[in-house]
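Under the UniProt record's numbering, the first residue of the sequence shown is numbered 1, with each subsequent residue one higher. One structure is given here, and the rest of the page talks about it.
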Amino acid sequence: MPQSAENILDHAPLFREPEYRQMLAEKKTNFECPHPGQVVADQSDFTKTWEYREKNLGREALVVNPAKACQPLGAVFAAAGFEQTMSFVHGSQGCVAYYRSHLSRHFKEPSSAVSSSMTEDAAVFGGLKNMIDGLANTYKLYDPKMIAVSTTCMAEVIGDDLRSFIENAKNDGSVPTDFDVPFAHTPAFVGSHVDGYDSMIKGILENFWTGSERKEVAQAINIIPGFDGFCVGNNREVKRLLDMMGVFYTFIQDASDQFDTPSDGMYRMYDGGTKIEDVKAALNAETTLSLQHYNTRKTLEYCKEVGQATASFHYPLGVQATDELLMKVSEISGKEIPPTIGLERGRLVDAMADSQAWLHGKKYAIYGDPDFVYAVARFVMETGGEPTHCLATNGTSAWETEMKALLASSPFGKDSQVWAGKDLWALRSLLFTEPVDLMIGNSYGKYLERDTGTPLIRLTFPIFDRHHHHRFPLMGYQGGLRVLTTILDKIFDKLDRETSEPGVTDYSYDLTR
């Protein structure tokens, strides 16, 4: 055997050993009924053509590798941002295992959530008994201050009513009648994780604000960050800027500590999060700001209904986007932007100018959530880059219109294309027919990188195959500097690989770039 107790191999080199190569080859021959190699090669070549691109982009009844997740994932993430809150998903255990593993693999942290363990009988007779037992067990075992309930496909298809189920569970004694159990219906077969996030935040605010009298506190601001795989770095960076300005604010849904717990000998099922008393008091804020518009549309409408002013942004990354956020905060709070923040802005502008020769004219394919794609496209245009393909599987027609207006505002966006509702298999066709220099997205783009040779920069959720990126900010001027450095590193790494042979590709022993 290729390994023993004295020679233990990781799975990557292990499966390259002759024994495994032979085993896999025999499986392919004996069980896959493979087509001849030339047929496969011909079909592969066809998928790289303009003719196939038109067929691919014309798909309506099939989705291949969508750049989105389902609603309950967003709801579970939303619940993690509140003090001592357990996420309770009304559905099967397998669904919840997916949400937990998705978050854990990205953040490299435990992700706590429970389910009502619905099975076939619950699908036929309804899940009320599961809800009653599940809430009772959750309350007794995990000592939460709040249980946030969402749903999966199964519960939605059979029409389980969360409001009545929770009331029945309270009447049955599962939890005290005054215990907070906010809920949101999050059908996984429509929308995406950003809609689930939005619905859960709205459900939590409704739970605490409904029936309460609002007493406005002038210049007080609520900040809702949106679904963000970089919340650990971003939330802390935004709070740092607000603290430097001396602003009175409440961060609604802050998962930065929950997904960045220390190793100090003590396990924390709950850590950090917005305090429940602060959520109640947030009703009195003058204004609620969303850092991601398309993550919080329902929530902002509700905030308007209770009498708050609202404003939203598109993932404030880069110079102009951060300018707009800070100027809006200054306008509401009456606080001046201090010179120290101005210095940070100037340093980012200086860094962009220093590297302009390497960035100008670079073409990008950008995919991810709508606000993220908008933000990155805007930033690369600030650097002189061209966002050739902008794709959001969960992008709406409103997002598409807004994106086109953004791209039209800059000469660097005049040849760019916006793809709302398209998936990563469609992006593959775009990359073969209209190649770009760089691709920005998440870990799922690595297969496109293999196919097309387009270098991938990982800047959004989920990132499974790299560690700790989420601990550093993308938002603000400091975040912009990190994004700038990340892009440049990818450019220079590629250049080094292409100029590695002295006298052939490297004529001057390049050390300086």
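Don't be surprised by glycine CBs; every beta carbon is placed ideally from N, CA and C. All of these numbers come straight from a predicted model, not from anything done at the bench.
*asked:* Starting from T287, trace the beta strand (DSSP E) in both directions and tell me its first and last residue.
replied: By 1-based counting over the sequence shown, the position of residue 287 is 287. Start and end: 285 to 290.
*Determine the direct distance from the alpha carbon of G126 to that of T119, and round the result to whole angstroms.*
Residue numbering aside, residue 119 sits at position 119 when the sequence shown is read from its first letter. Residue numbering aside, residue 126 sits at position 126 when the sequence shown is read from its first letter. Rounded to the nearest angstrom, the two C-alpha atoms are 10 angstroms apart.
*Through-space distance from I252 to N222, alpha-carbon basis*: The residue given as residue 222 occupies position 222 in the sequence shown. The residue given as residue 252 occupies position 252 in the sequence shown. Rounded to whole angstroms, N222 to I252 spans 7 angstroms at the Cα level.
*Count the C-beta pairs between the region 297 to 310 and the region 209 to 227 that are closer than 8 angstroms, then say yes if the count reaches three, no if not.*
Yes, the region 297 to 310 is in contact with the region 209 to 227.
*Determine the direct distance from the alpha carbon of V373 to that of Y294, and round the result to whole angstroms.*
Your numbering for residue 294 matches position 294 in the sequence shown. Your numbering for residue 373 matches position 373 in the sequence shown. Rounded to the nearest angstrom, the two C-alpha atoms are 11 angstroms apart.
*Compare the beta carbon distance of G479 and E237 with 7 angstroms and say whether it is the shorter of the two.*
For the purposes of this step, residue 479 is identified with residue 479 of the sequence shown, where counting begins at 1. For the purposes of this step, residue 237 is identified with residue 237 of the sequence shown, where counting begins at 1. Contact: yes.
*asked:* According to DSSP, is K363 part of a helix, a strand, or is it coil?
replied: Counted from its first residue, the sequence shown places residue 363 at position 363. DSSP places K363 in strand when its eight states are reduced to three.
*Quickly, what does DSSP pair R450 with across the bridge? List them, please.*
The count along the sequence shown starts at 1 and reaches residue 450 at position 450. DSSP output for R450 lists no bridge partner at all.
*Per-residue DSSP class, three states only, for T151*: Along the sequence shown, read from residue 1 onward, the residue named residue 151 stands at position 151. Reduced to three states, the DSSP call for T151 is strand.
*Going by other Cβ atoms of all chains shown within 10 Å of its Cβ, with 16 needed for buried, is V40 buried or exposed?*
Counting from 1 along the sequence shown, the entry for residue 40 is found at position 40. By the 10 Å Cβ count, V40 comes out exposed.
*Using DSSP bridges, identify the partner residues of H314.*
Within the sequence shown, numbered from 1, the residue matching residue 314 stands at position 314. Paired residues: Q292.
*Given a threshold of 16 other Cβ atoms within 10 Å of its Cβ, counted over all protein chains shown, does C33 qualify as buried or as exposed?*
By one-based count along the sequence shown, residue 33 stands at place 33. By the neighbour-count criterion, in which a residue is buried when 16 or more other Cβ atoms sit within 10 angstroms of its Cβ, C33 is exposed.
_CB of M200 within 7 angstroms of CB of P338, strictly_ = Locating residue 200 in the sequence shown gives position 200, where the first residue counts as 1. Locating residue 338 in the sequence shown gives position 338, where the first residue counts as 1. No.
*Assigned secondary structure, N7 (DSSP; H/G/I helix, E/B strand, else coil)*: Position 7 of the sequence shown, counted from the first residue, corresponds to residue 7. Here N7 sits in strand by DSSP.
*When you compare each of V89, S333, D415, G413 to T288 by their alpha carbons, which one comes out closest?*
Reading the sequence shown from its first residue, position 288 is the one you call residue 288. For the residues V89, S333, D415, G413, the minimum Cα distance to T288 belongs to S333.
*Taking just the CA atoms, how far does G37 sit from K28?*
Position 28 of the sequence shown, counting from 1, holds the residue named residue 28. Position 37 of the sequence shown, counting from 1, holds the residue named residue 37. Annotation: K28 to G37 spans about 12 angstroms, alpha carbon to alpha carbon.
*Mind checking which residues open and close the alpha helix (DSSP H) that includes C70?*
Here the question's residue 70 lines up with position 70 in the sequence shown. For C70, there is no enclosing alpha helix (DSSP H), as DSSP marks it with neither H nor E.
*Confirm, please, whether the CB-CB distance from Q93 to S115 is below 7 angstroms.*
Reading the sequence shown from its first residue, position 115 is the one you call residue 115. Reading the sequence shown from its first residue, position 93 is the one you call residue 93. For S115 and Q93, yes; Cβs fall inside 7 angstroms.
_E386 versus G346 - alpha carbon distance_ = Start at 1 with the first residue of the sequence shown, and residue 386 comes out as number 386. Start at 1 with the first residue of the sequence shown, and residue 346 comes out as number 346. In a straight line, the C-alpha of E386 is about 23 angstroms away from that of G346.
*asked:* Restricting to Cα atoms, I'd like to know which of A420, D506, F107, V418 is closest to T261.
replied: On the sequence shown, residue 261 is found 261 positions in, with the first residue counted as 1. The option with the nearest alpha carbon to T261 is F107.
*Going by Cα to Cα distance, which pick from P462, F461, P435 is closest to E449?*
To locate residue 449, count along the sequence shown from 1; it is residue 449. With distances taken between Cα atoms, E449 lies closest to P435.
*Range of the contiguous alpha helix (DSSP H) that encloses G196*: Here the question's residue 196 lines up with position 196 in the sequence shown. Here the alpha helix (DSSP H) through G196 covers 193 to 209.
*Could you give the C-beta distance for G196 and P72, rounded to a whole number, given that I count them as a contact under 8 angstroms?*
On the sequence shown, residue 196 is found 196 positions in, with the first residue counted as 1. On the sequence shown, residue 72 is found 72 positions in, with the first residue counted as 1. Correct: roughly 6 angstroms between the Cβ atoms.
*Output the boundary residues of the alpha helix (DSSP H) element that contains E382.*
Taking the sequence shown and counting its residues from 1, the one referred to as residue 382 is at position 382. Segment 370 to 382, the alpha helix (DSSP H) holding E382.
*Neighbourhood of Q320 by C-beta distance below 8 angstroms, restricted to the same chain and skipping five residues each side*: As a working note, residue 320 is residue 320 in the sequence shown. Correct list, in chain order: R378, E382.
*Would you kindly check if the distance between the Cβ of R105 and the Cβ of F461 is under 7 angstroms?*
Along the sequence shown, read from residue 1 onward, the residue named residue 461 stands at position 461. Along the sequence shown, read from residue 1 onward, the residue named residue 105 stands at position 105. No.
*Alpha carbon of V376 to alpha carbon of Q308, nearest angstrom*: Translated into the one-based positions of the sequence shown, residue 376 becomes position 376. Translated into the one-based positions of the sequence shown, residue 308 becomes position 308. C-alpha separation (whole angstroms): 29 angstroms.
*Kindly indicate which residue of K280, D160, S192, A218 has the alpha-carbon position closest to the one of residue 515.*
Absent from the model: residue 515. The displayed extent of the chain is 1 to 513, so no value can be given.
_By the three-class DSSP mapping on this structure, what secondary structure does T29 have?_
For the purposes of this step, residue 29 is identified with residue 29 of the sequence shown, where counting begins at 1. Three-state DSSP puts T29 in a helix.
*Label Q43 either buried or exposed according to how many other C-beta atoms from any shown protein chain fall within 10 Å of its C-beta, with 16 as the threshold for buried.*
Position 43 of the sequence shown, counting from 1, holds the residue named residue 43. Classification for Q43: exposed.
*What is the DSSP secondary structure of R297, counted as helix, strand or coil?*
Locating residue 297 in the sequence shown gives position 297, where the first residue counts as 1. In the structure shown, R297 sits in a helix (DSSP, three-state: H, G or I).
*So which of G74, G453, M86, M327 has the shortest CA-CA distance to S429?*
The sequence position of residue 429 within the sequence shown is 429, counting from 1. Residue G453 is the option with its Cα nearest to S429.
*May I ask you to verify whether the region 354 to 369 touches the region 432 to 447, counting CB pairs closer than 8 angstroms and requiring at least 3?*
yes
*Is the region 130 to 143 touching the region 160 to 174, taking contact as three or more C-beta pairs under 8 angstroms?*
yes
*Please work out which residues of its chain come closer than 7 angstroms, Cβ to Cβ, to A122, disregarding the five sequence neighbours upstream and downstream, and give them in chain order.*
Here residue 122 refers to the residue found at position 122 of the sequence shown. In chain order, N130 place their CB closer than 7 angstroms to the CB of A122, counting only its own chain and leaving out the 5 sequence neighbours on each side.
*Check the C-beta distance from Q356 over to G384 and give it rounded, since I have them as a contact under 8 angstroms.*
Stepping through the sequence shown from its first residue, residue 356 is reached at position 356. Stepping through the sequence shown from its first residue, residue 384 is reached at position 384. Sure, about 6 angstroms apart at Cβ, within 8 angstroms.
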